[in-house]
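2 protein chains.
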Amino acid sequence: PDAAPLRRGLPVPQGISKTAFLVAIEELRSALGPDHVTLNDKEVKNGWYMEHPNTHDMMPLFDSEEFIASAVVYPGSVEDVKLIVKWANKHLIPLFPISIGRNLGYGGSAPRVRGSVTIDLGRRMNRILEINADDFTCLVEPGVTFYALHEEIQKRGLGDKMWIDTPDLGGGSVVGNTLDRGVGYTPYGDHWACHSGLEVVLPSVGDDGDVSVFRTGMGALGVGGENTWQCFPYGFGPYNDGIFSQSNFGIVTKMGMTLMPNPGGFESFMYTFANESDLAPLIEIIRPLRISNILENVAQLRHGLQTLSVKGHPRTNYYNGSGPMPDPIIRQHLRSTATGECAWVYYGMSYGPAHIRGHKLSIIDNEFHRIPGCKRIDPATLPADEYFWSRDRIASGTPDLEELKWVNWMPNGAHAAFSPVSPIKGADAEKLYGLAKRRHGEQGLDLMPAFCVGLREMHLIVEIVYDGTDMGMKKRVEKCLRDMIDDAAALGYGEYRTHLALMDQVAGTYNWNDNALMKFNNTLKDALDPNGILAPGRCGIWPKRYRNRGWEL
Amino acid sequence: PDAAPLRRGLPVPQGISKTAFLVAIEELRSALGPDHVTLNDKEVKNGWYMEHPNTHDMMPLFDSEEFIASAVVYPGSVEDVKLIVKWANKHLIPLFPISIGRNLGYGGSAPRVRGSVTIDLGRRMNRILEINADDFTCLVEPGVTFYALHEEIQKRGLGDKMWIDTPDLGGGSVVGNTLDRGVGYTPYGDHWACHSGLEVVLPSVGDDGDVSVFRTGMGALGVGGENTWQCFPYGFGPYNDGIFSQSNFGIVTKMGMTLMPNPGGFESFMYTFANESDLAPLIEIIRPLRISNILENVAQLRHGLQTLSVKGHPRTNYYNGSGPMPDPIIRQHLRSTATGECAWVYYGMSYGPAHIRGHKLSIIDNEFHRIPGCKRIDPATLPADEYFWSRDRIASGTPDLEELKWVNWMPNGAHAAFSPVSPIKGADAEKLYGLAKRRHGEQGLDLMPAFCVGLREMHLIVEIVYDGTDMGMKKRVEKCLRDMIDDAAALGYGEYRTHLALMDQVAGTYNWNDNALMKFNNTLKDALDPNGILAPGRCGIWPKRYRNRGWEL
Ligand SMILES: Cc1cc2nc3c(=O)[nH]c(=O)nc-3n(C[C@H](O)[C@H](O)[C@H](O)COP(=O)(O)OP(=O)(O)OC[C@H]3O[C@@H](n4cnc5c(N)ncnc54)[C@H](O)[C@@H]3O)c2cc1C
Ligand SMILES: Cc1cc2nc3c(=O)[nH]c(=O)nc-3n(C[C@H](O)[C@H](O)[C@H](O)COP(=O)(O)OP(=O)(O)OC[C@H]3O[C@@H](n4cnc5c(N)ncnc54)[C@H](O)[C@@H]3O)c2cc1C
Chain A
24 PDAAPLRRGL PVPQGISKTA FLVAIEELRS ALGPDHVTLN DKEVKNGWYM EHPNTHDMMP
84 LFDSEEFIAS AVVYPGSVED VKLIVKWANK HLIPLFPISI GRNLGYGGSA PRVRGSVTID
144 LGRRMNRILE INADDFTCLV EPGVTFYALH EEIQKRGLGD KMWIDTPDLG GGSVVGNTLD
204 RGVGYTPYGD HWACHSGLEV VLPSVGDDGD VSVFRTGMGA LGVGGENTWQ CFPYGFGPYN
264 DGIFSQSNFG IVTKMGMTLM PNPGGFESFM YTFANESDLA PLIEIIRPLR ISNILENVAQ
324 LRHGLQTLSV KGHPRTNYYN GSGPMPDPII RQHLRSTATG ECAWVYYGMS YGPAHIRGHK
384 LSIIDNEFHR IPGCKRIDPA TLPADEYFWS RDRIASGTPD LEELKWVNWM PNGAHAAFSP
444 VSPIKGADAE KLYGLAKRRH GEQGLDLMPA FCVGLREMHL IVEIVYDGTD MGMKKRVEKC
504 LRDMIDDAAA LGYGEYRTHL ALMDQVAGTY NWNDNALMKF NNTLKDALDP NGILAPGRCG
564 IWPKRYRNRG WEL
Chain B
24 PDAAPLRRGL PVPQGISKTA FLVAIEELRS ALGPDHVTLN DKEVKNGWYM EHPNTHDMMP
84 LFDSEEFIAS AVVYPGSVED VKLIVKWANK HLIPLFPISI GRNLGYGGSA PRVRGSVTID
144 LGRRMNRILE INADDFTCLV EPGVTFYALH EEIQKRGLGD KMWIDTPDLG GGSVVGNTLD
204 RGVGYTPYGD HWACHSGLEV VLPSVGDDGD VSVFRTGMGA LGVGGENTWQ CFPYGFGPYN
264 DGIFSQSNFG IVTKMGMTLM PNPGGFESFM YTFANESDLA PLIEIIRPLR ISNILENVAQ
324 LRHGLQTLSV KGHPRTNYYN GSGPMPDPII RQHLRSTATG ECAWVYYGMS YGPAHIRGHK
384 LSIIDNEFHR IPGCKRIDPA TLPADEYFWS RDRIASGTPD LEELKWVNWM PNGAHAAFSP
444 VSPIKGADAE KLYGLAKRRH GEQGLDLMPA FCVGLREMHL IVEIVYDGTD MGMKKRVEKC
504 LRDMIDDAAA LGYGEYRTHL ALMDQVAGTY NWNDNALMKF NNTLKDALDP NGILAPGRCG
564 IWPKRYRNRG WEL
């Protein structure tokens, strides 16, 4: 059901009465203007990707009213953000900042603490402040999506000169995705590594009654320092940016990003591998090629089932049984697709002029063919609507939405991700694939793994697609995710990013030396946010006011 | 004079009596073993590069006894480091950690606060803990030099497979150089960007009486997380590494570093440019080539005078006048060298197999020749002892010492650096070169600038060589440096790194929004080091106990 009235009523944050909360909201309204604060007291409406809610996760893993905002505030300026921080400190109301809120698979736009006031930064603060065609950089506000940045570059006639790097879906924000350390698929795919410069509003109120806003790197220079803000990430003194990624230490109001120069040509390629057991030897082949940049982008090595599901048809088109879809069925259906019957599909791209690409492509072709049954699929044989061309667009910096299609696998399609990191080793791939397979089997879920190969590591991204309205299925999904996290931790693997619901568990696996890392993060949290108003619980970091009071999940 | 007795006696740190200090030192001695603590109560001895002092700067910019240690302690383990931290907190004695202490041009091994106890981490903690030939990574302790790492790779027969990246001098430590965000000259030249994983001992004592040691990134995983520690820098949650670079927030006891795969060929090239005024158009040509990686390494564009001085002869061989050496004299002497008469020399390297290099080199050759008078010097014509081959070694990962030679320009040769960052723009190069020239002129100093071109920015590195025993000259050097820093700041430029003596001034230029950055750094400092025992004043960050008490310079 698309919209339903709130069953539990206005999600007033803990520790404040409804009346006091409503008074506080009125205070905020009169400070920011009545249009810029909305109370979430009516309904839950999941919408869809292009019109996603900003009050909760459109793909809820729990009950929709669990991770839900009490109100949403729309700042129009850095001054507004400071004002909101002051207000929250005064009333001890938790805030949750989002840029766009399309963090699907990881919690969408939902806050971790029920009743938080969501700061929707992107709605009004969405300017592209600069695109610098000399330096190949830009400076953006939180609301700039990959689509918007791409469009603006085209509009200015710079499309032939520079590329952006986009994740699989282009509707997210450059700022939000980068702060969550998301990845894309050109050689500029490590978004965190490619950013340069942050402007941050801190969550505390100083002795002078003011809220501090500071700029990292060269942006801290007093006079005109902005000329190097996006050219050189470090500045002088501690390089502070990192602590604002995957954290709850500050609200980012501006971010610089580097842009990729047009490499002078590009060419996608696709290989299929026949057997499940090809995984390990293939990964061993990939590692040296990737580290030496013969394989130049974050490639996706996908399981056949994902190649099938991304066609966008419901699972029932192929199979009606319960439990994971059997391999023979998957293979049978793949036979009539462009890839043909196979276990794995490798999507990659080579960059540069033709003769430079030729050098790399011939090495790749030789190496990949060491796996018996390896097939190169000639792109010329593929129709324009084949998924391959979506990967081609993405790996050449053009935002796309095709990837959303596999969500149709289930009615009321939702998904959550298990994303462990490992070396690029065959043995690691097998262990992670093996545990995922076992746990999916136990819970009767379809397994759609993709190995995203970074430079010296790979992320295994396992997206579990489920029916967002099926509480029983969601319990199984959660159980499967939690079991996989524990299994992986026991083998020495950790997640690079996770869903809101799983943050405490994942953070708990990074527990070396008696949780020394979390103790350190807590020290920073208490110093920077003594009242604990900013995104309590995000990435497992709880402020003092919440710590060890049963908030952990 | 190479060794002189201490004029000012044992440099007891402020706030503690000599007797109490000596008792404290005895306590430390009996805890660590008598050999592992030495009192600095006898002499100042500058030694030379290979046998540099760890108590003070071998190239002092002030009086040698200004930035000087009271004692040096040699921990042999992380436990020892924790013990030292506890001891310092108990007695409120300032500590100053060094890895090797060859931070020449930036303060050498000297502490910022007179009488600090230097922790010489490198002396005993100097193991290469791992070299991973699959992942192209290593894990090192503070005492591992670029030379040592290079040698070990050769010894294990991996020299043909992987390269290290080294700064101009190979005697520094991988850890210390990287923490100070130093640079080298292969495509892995941004050392900070290439590291992966830190182990850090924090400077405070917890409520439980213990000192915390934590690992960043994947190193925080409880069980066997080390398999990805050097493969993936980020881990889960805040990416904390950055705040330990150019700071005084922690003591790094282990660091991971990535290694470069042998690119399959390399080729140095050198171009000369005839006129001073070629600088701006050349920089404009370099920018797009560098950003698109046609120019692949941190190239050095050097002034002719540095090419002359690196031959290692004293200035008096060429000129005896006072004031900056006149241009015609420089040009005259260059005539009989390999570069011939010129204003600028570009040293670069191209990587990969011959046909790949050819592609890039021909683009570079065409572009550079757009500058009238540009000359390519054929390496085949250069003798084996020509400086060009030192750059060739460095840009292909072989540590070297040739660069030290320009220090011979002056008797008792010492130097200090002015290192502003700017976009790669002709106008910026001219402004920075112009102000350096004016200020050198005013102080009668020779100007030896080199532009080190990063990816989207360049560091101008101006090394002022002076006579370390000539107090008058040192005053002029300091004045010149301070004036250049102020001039640059007024034009919107800031330094990427600086000398101990100039840290307050440089930090003061990063003063946007009422010093918001320094206020933030101070908040972190007070939270992490409440007693203010760790490297007070480093990078301009003063702990509460020292702040606004006249320590700033
Ligand atoms: C089919 C599919 C494919 C996907 N493929 C990819 C992929 O290839 N790569 C990838 O990285 N992701 C992928 N995702 C996940 C997700 O959709 C993207 O990462 C998306 O860009 C994140 O949403 P956002 O940009 O709107 O960020 P937001 O939701 O706005 O932000 C993410 C989080 O960061 C924090 N945050 C955001 N803005 C701020 C701020 N200004 N200050 C402080 N904290 C802030 C908040 O905690 C927020 O929850 C995929 C999802 C789906 C459904
Ligand atoms: C001729 C010449 C050429 C040079 N060329 C270059 C160059 O190309 N590139 C370059 O980067 N530099 C260059 N330098 C500067 C310097 O020599 C090198 O950067 C050198 O590597 C730094 O010294 P180190 O490695 O011994 O570091 P250290 O002196 O050990 O450390 C540097 C600083 O980092 C901090 N630190 C060190 N270890 C730790 C730790 N374990 N925990 C916490 N803090 C720590 C300390 O504050 C210390 O003062 C040059 C110097 C000269 C004389």
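For the record, the sequence lines run as chains A and B.
Per this note's numbering, the very first residue in the first sequence carries number 24; after that it's consecutive.
Per this note's numbering, the very first residue in the second sequence carries number 24; after that it's consecutive.
For each residue, glycine too, the CB sits at the ideal point set by N, CA and C.
Got a sec: is the Cβ-Cβ distance from A:W565 to anything in chain B below 8 Å? no
Determine which residues of the segment 551-563 of chain B have a Cβ less than 8 Å from any Cβ of chain A, and write them out in chain order. L551, C562 and G563
I believe B:G229 touches B:S235 by the beta-carbon criterion, under 8 Å. Please report the beta-carbon distance rounded to the nearest angstrom. 6 Å
Quick check: the Cα distance between B:R137 and A:S227, rounded to an integer number of angstroms? 35 Å
Between A:M241 and chain B, is any beta-carbon pair separated by less than 8 Å? yes
At a cut of 8 Å, does the segment 181-192 of chain B reach the segment 407-425 of chain B through at least three beta carbon pairs? yes
Return yes when the C-beta of B:V236 is under 7 Å from any heavy atom of ligand 2, and no when it is not. no
Kindly indicate if chain B contains any beta-carbon less than 8 Å away from that of A:Q528. no
Kindly say whether A:H214, judged by its beta-carbon, lies nearer than 8 Å to any beta-carbon of chain B. no
Neighbour list for A:K542 in chain B, Cβ cutoff strictly below 7 Å: S235
Inter-residue Cα distance where the pair is B:T239 and A:D103: 34 Å
Note down the Cα distance separating A:G194 from A:D183, rounded to an integer number of angstroms. 22 Å
Taking the alpha carbon of A:G335 as the reference point, which residue from A:G199, A:V488 and A:E66 has its own alpha carbon closest? A:V488
Taking Cβ-Cβ distances shorter than 8 Å, what residues in chain A pair up with B:I379? I379 and H382
Separation of A:D233 from A:L551, as counted between CA atoms: 14 Å
Using a Cβ-Cβ distance under 8 Å, would B:V246 count as near chain A? yes
Could you list the residues in the segment 257-282 of chain A with a C-beta less than 8 Å from some C-beta on chain B, going in chain order? Y257, G258, F259, G260, P261, Y262, N263, D264, G265, I266, F267, S268, Q269, S270, F272 and T281
Is the closest heavy atom of ligand 1 to the C-beta of A:E191 under 7 Å? Strictly speaking, residue 191 of chain A in this sequence is Asp, with Glu absent from that position. Result yes, Cβ under 7 Å from ligand 1.
Hey, out of B:M73, B:P34 and B:V46, whose CA is closest to B:E66's CA? B:P34
Consider the C-beta atom of A:V108 and the heavy atoms of ligand 2; say whether any pair is separated by less than 7 Å. no
Heavy atom of ligand 1 less than 7 Å from the Cβ of A:S359, yes or no? no
Which residues of chain A have a Cβ atom closer than 9 Å to the Cβ of B:Y456, listed in chain order? Simply none; closest approach about 16 Å.
Could you give the DSSP three-state label for B:T281: helix, strand or coil? strand
Measure the Cβ-Cβ separation of A:L202 and A:V275 and say whether it is below 8 Å. yes
Neighbouring residues, chain A, relative to B:F441 (Cβ below 7 Å): None at all; the shortest Cβ gap to chain A is about 13 Å.
Is A:L162 near ligand 1, in the sense that its beta carbon is under 7 Å from a heavy atom of that ligand? no
Does the segment 210-221 of chain B come within contact of the segment 446-462 of chain B, defined as at least 3 CB pairs closer than 8 Å? no
Could you round the C-beta distance between A:R393 and A:I508 to whole angstroms and report it? I think they count as a contact, below 8 Å. No, A:R393 and A:I508 are not in contact; Cβ-Cβ is about 34 Å, not under 8 Å.
If you draw a straight line from the C-alpha of B:T168 to the C-alpha of B:A440, how long is it? 22 Å
Answer yes if the segment 359-375 of chain B comes into contact with the segment 502-518 of chain B, meaning at least three C-beta pairs across the two stretches below 8 Å, and no otherwise. no
Is there at least one non-hydrogen atom of ligand 2 closer than 7 Å to the beta-carbon of B:P83? no
Within a Cβ cutoff of 6 Å, which residues of the same chain sit near A:T532, ignoring the five residues on either side of it in sequence? A512 and G517
With a floor of 4 residues, list each alpha helix (DSSP H) that falls wholly inside the segment 156-191 of chain B, ordered by position along the chain. 169-178
Is the beta carbon of B:T281 sitting closer than 8 Å to the one on B:W367? no
Is the separation between the beta-carbon of A:E164 and that of A:K277 shorter than 8 Å? yes
Please confirm whether any heavy atom of ligand 2 lies closer than 7 Å to the CB of B:Y129. yes
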